[in-house]
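K.L.:
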Amino acid sequence: MPQQKHFDLNLLRVFITVCRVGSFSKAAEELDLTQSSVSNAINRLKSTVGEDLFIRVGRGVKPTAGALSLYEEFKEPLSSIEQSLQGMKVFDPLCSERTFYVYAHETTIGLLHKRVNDHLKSLSVDIVFREIPIQEEQLQLDLQLEAVDLAIDLTKPELASFSNELLMQDNLVCVVRKGHPRISNTLSREQYFSEKHIVLNMKRGNLSMVDFLTDEVLPHREVYCEQSSILAMLATVAKCDAIAVAAQTFSQEYAELFGLQVLQPPLDTRAINYHMVWSKKLDRNPASIWLRNTLKKLINE
Numbered sequence: 001m002p003q004q005k006h007f008d009l010n011l012l013r014v015f016i017t018v019c020r021v022g023s024f025s026k027a028a029e030e031l032d033l034t035q036s037s038v039s040n041a042i043n044r045l046k047s048t049v050g051e052d053l054f055i056r057v058g059r060g061v062k063p064t065a066g067a068l069s070l071y072e073e074f075k076e077p078l079s080s081i082e083q084s085l086q087g088m089k090v091f092d093p094l095c096s097e098r099t100f101y102v103y104a105h106e107t108t109i110g111l112l113h114k115r116v117n118d119h120l121k122s123l124s125v126d127i128v129f130r131e132i133p134i135q136e137e138q139l140q141l142d143l144q145l146e147a148v149d150l151a152i153d154l155t156k157p158e159l160a161s162f163s164n165e166l167l168m169q170d171n172l173v174c175v176v177r178k179g180h181p182r183i184s185n186t187l188s189r190e191q192y193f194s195e196k197h198i199v200l201n202m203k204r205g206n207l208s209m210v211d212f213l214t215d216e217v218l219p220h221r222e223v224y225c226e227q228s229s230i231l232a233m234l235a236t237v238a239k240c241d242a243i244a245v246a247a248q249t250f251s252q253e254y255a256e257l258f259g260l261q262v263l264q265p266p267l268d269t270r271a272i273n274y275h276m277v278w279s280k281k282l283d284r285n286p287a288s289i290w291l292r293n294t295l296k297k298l299i300n301e
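Per UniProt numbering: the sequence shown = residues 1 to 301.
Quick look at the structure:
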């Protein structure tokens, strides 16, 4: 890059965002700029480096080979600068009117929602929970774009652009209705694989929940139906002879209401680990630190 007496680092910030999201309009939305401002910034950087940076692909843009080289060279240093600046900001939950958005599974929302609302009564901030996306790719994209401030998920991304911390643990259980014609109080491995299954429509590591939480390669199970809600899944179990698997805390809470048996799975399963996940550039952000500490405190109450 030619030497410049005065170089605007904001040009790099815009450039890196466009590289990451692949769109001028999405970059403008993320950076709270107009699309023309983004385009002007890219043109100024193009003049500085003396070569094209993007080519049009469909409705988006794709970085050139030279742009990719610049992106790899500058993304980490710029992220470090942003982290340092974020750490200098002041956040006061007593007077800030900020709303935090948190992706979480139905089970975690059920545990935290009332505690959070009670905790925030004397504060100006708000925490809004949203159902976590089914696909990991969408979850990670929304975290990168800061469409949400935090996610509470079963997995922790391996990408260096994310940070994570264990929030809580639970166990996996099998659930069948009371009065099931073949299952009462205990569940054998043979029974588990011979019955039909209600499956939660959520995959991590391209695996269903039970496959994800065991090291075994499980045989094929006959699917009775798929559900996108754990509560709906438990309600369906109550009306049929199929089996479902779910988190123990949530299942026990609704067992009496739906008339369910909560049984130990006849499989060697791991604990369900719920991780807080956030964009690494928010590591030192005071507002993000407050949010993480608040959730840790409330989950243990």
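From the three backbone atoms N, C-alpha and C, an ideal C-beta is built for every residue, glycine too.
Just so you know, these numbers come straight off a predicted model, no measurement behind them.
Which runs of the alpha helix (DSSP H), 4 residues or longer, sit entirely within the segment 228-290?
P.N.:
Qualifying alpha helix (DSSP H) stretches, in chain order: 230-237 and 248-258.
K.L.:
Hey, how far is the Cα of ILE289 from the Cα of GLU76?
P.N.:
Stepping through the sequence shown from its first residue, residue 289 is reached at position 289. Stepping through the sequence shown from its first residue, residue 76 is reached at position 76. Cα-Cα distance, rounded: 21 Å.
K.L.:
Can you tell me where the beta strand (DSSP E) with ARG130 in it begins and where it stops?
P.N.:
For the purposes of this step, residue 130 is taken as residue 130 along the sequence shown, with counting starting at 1. From DSSP, the beta strand (DSSP E) with ARG130 extends over 126-131.
K.L.:
Please state whether DSSP places GLU301 in a helix, a strand or coil.
P.N.:
Residue mapping note: residue 301 aligns to position 301 of the sequence shown, counting from 1. Looking at GLU301 - three-state DSSP - the assignment turns out to be coil, as it is neither helix nor strand.
K.L.:
Mind checking which residues open and close the alpha helix (DSSP H) that includes HIS119?
P.N.:
By one-based count along the sequence shown, residue 119 stands at place 119. Element bounds for HIS119: 106-119.
K.L.:
Flag this pair as yes or no: are the beta carbons of SER25 and GLN35 separated by less than 8 Å?
P.N.:
Counting from one through the sequence shown, the residue named residue 25 turns up at place 25. Counting from one through the sequence shown, the residue named residue 35 turns up at place 35. Yes.
K.L.:
If you count every other CB in all the chains shown that lies within 10 Å of the CB of PHE15, and 16 or more means buried, which is it?
P.N.:
Looking up residue 15 in the sequence shown gives position 15. Result: buried.
K.L.:
Thinking just about the alpha-carbon of each residue, which of ARG270, ASP149 and LEU141 is nearest to the one in ASP215?
P.N.:
Counting from 1 along the sequence shown, the entry for residue 215 is found at position 215. Measuring from the Cα of ASP215, the nearest candidate turns out to be ARG270.
K.L.:
Kindly confirm or deny that the segment 186-202 and the segment 278-296 touch, where touching means at least three C-beta pairs closer than 8 Å.
P.N.:
Short answer: they don't touch.
K.L.:
At which residue ranges does the UniProt domain "HTH lysR-type" (7-64) contain complete beta strand (DSSP E) runs of 3 or more residues, listed in the order of the chain?
P.N.:
Taken in chain order, the complete beta strand (DSSP E) segments of 3 or more residues contained in the UniProt domain "HTH lysR-type" (7-64) are 54-57 and 60-63.
K.L.:
What would DSSP say about MET1, mapped onto helix, strand or coil?
P.N.:
Looking up residue 1 in the sequence shown gives position 1. Caution is warranted here: a pLDDT of 44 is assigned to MET1, below 50, making its placement in the model unreliable, and the coordinate value is therefore given only provisionally. Here MET1 sits in coil by DSSP.
K.L.:
Can you have a look at ALA242 and say buried or exposed, based on whether 16 or more other CB atoms are within 10 angstroms of its CB?
P.N.:
Within the sequence shown, numbered from 1, the residue matching residue 242 stands at position 242. Its Cβ being crowded by 16 or more others within 10 Å, ALA242 is buried.
K.L.:
From ARG98 to LEU31, what does the alpha carbon distance come to, in whole angstroms?
P.N.:
Start at 1 with the first residue of the sequence shown, and residue 98 comes out as number 98. Start at 1 with the first residue of the sequence shown, and residue 31 comes out as number 31. Roughly 18 Å separates the two Cα atoms.
K.L.:
Using alpha carbons as the reference points, say which of THR17, PHE212 and LYS156 lies closest to PHE74.
P.N.:
In the sequence shown, counting from the first residue as 1, residue 74 sits at position 74. The option with the nearest alpha carbon to PHE74 is THR17.
K.L.:
Quick check: the segment 223-242 against the segment 140-156, are at least 3 beta-carbon pairs closer than 8 Å?
P.N.:
no
K.L.:
Helix, strand or coil, according to DSSP, for ASP215 in the structure here?
P.N.:
The residue you call residue 215 lines up with position 215 of the sequence shown. Here ASP215 sits in coil by DSSP.
K.L.:
Could you have a look at ASP153 and say whether DSSP puts it in helix, strand or coil?
P.N.:
Position 153 of the sequence shown holds residue 153. Reduced to three states, the DSSP call for ASP153 is strand.
K.L.:
Check each candidate in GLN191, GLU301, MET209 and ILE299 and name the one with the smallest Cα separation from LEU263.
P.N.:
Walking along the sequence shown from the start, residue 263 turns up at place 263. Closest option to LEU263, Cα to Cα, is GLN191.
K.L.:
Measure from the alpha carbon of VAL217 to the alpha carbon of each residue in VAL173, ASP268, ILE230 and VAL245, then state which is nearest.
P.N.:
Along the sequence shown, read from residue 1 onward, the residue named residue 217 stands at position 217. Cα-wise, what sits closest to VAL217 is ASP268.
K.L.:
Buried or exposed: which applies to GLU165, given that a residue is buried once 16 or more other Cβ atoms fall within 10 Å of its Cβ?
P.N.:
Taking the sequence shown and counting its residues from 1, one reaches residue 165 at position 165. Per the 10 Å Cβ criterion, exposed.
K.L.:
Hey, quick one: how far does the alpha helix (DSSP H) through SER194 stretch, first residue to last?
P.N.:
Here residue 194 refers to the residue found at position 194 when the sequence shown is read from its first residue. Its alpha helix (DSSP H) spans residues 189-194.
K.L.:
So, GLY22 versus GLY60, is the Cβ gap smaller than 8 Å?
P.N.:
By 1-based counting over the sequence shown, the position of residue 22 is 22. By 1-based counting over the sequence shown, the position of residue 60 is 60. Between GLY22 and GLY60, the CB-CB gap stays under 8 Å.
K.L.:
Can you tell which of HIS220, TYR71, GLN252 and HIS105 has its C-alpha closest to the C-alpha of ILE132?
P.N.:
Stepping through the sequence shown from its first residue, residue 132 is reached at position 132. Of the candidates HIS220, TYR71, GLN252 and HIS105, the one whose C-alpha sits nearest the C-alpha of ILE132 is HIS105.
K.L.:
Is CYS95 buried or exposed, if buried means 16 or more other CB atoms sit within 10 Å of its CB?
P.N.:
The residue labelled residue 95 in the question sits at position 95 within the sequence shown. The residue in question, CYS95, is exposed, as its Cβ has fewer than 16 Cβ neighbours within 10 Å.
K.L.:
Residues in the same chain with beta-carbon distance under 8 Å from LEU123, minus the five sequence neighbours each way, listed in chain order, please.
P.N.:
One-based indexing of the sequence shown puts residue 123 at position 123. If we look at LEU123 and ignore the five residues flanking it on each side, its Cβ neighbours are PRO93 and LEU94.
K.L.:
Per DSSP, PHE74 is paired with what?
P.N.:
Reading the sequence shown from its first residue, position 74 is the one you call residue 74. According to DSSP, which records beta bridges pairwise, PHE74 is partnered with nothing at all.
K.L.:
Between the C-alpha atoms of GLN4 and LYS156, what's the straight-line distance to the nearest angstrom?
P.N.:
Indexing the sequence shown from 1 puts residue 4 at position 4. Indexing the sequence shown from 1 puts residue 156 at position 156. Only weak support exists for where GLN4 lies, its pLDDT of 49 falling under 50; the coordinates are left without a value.
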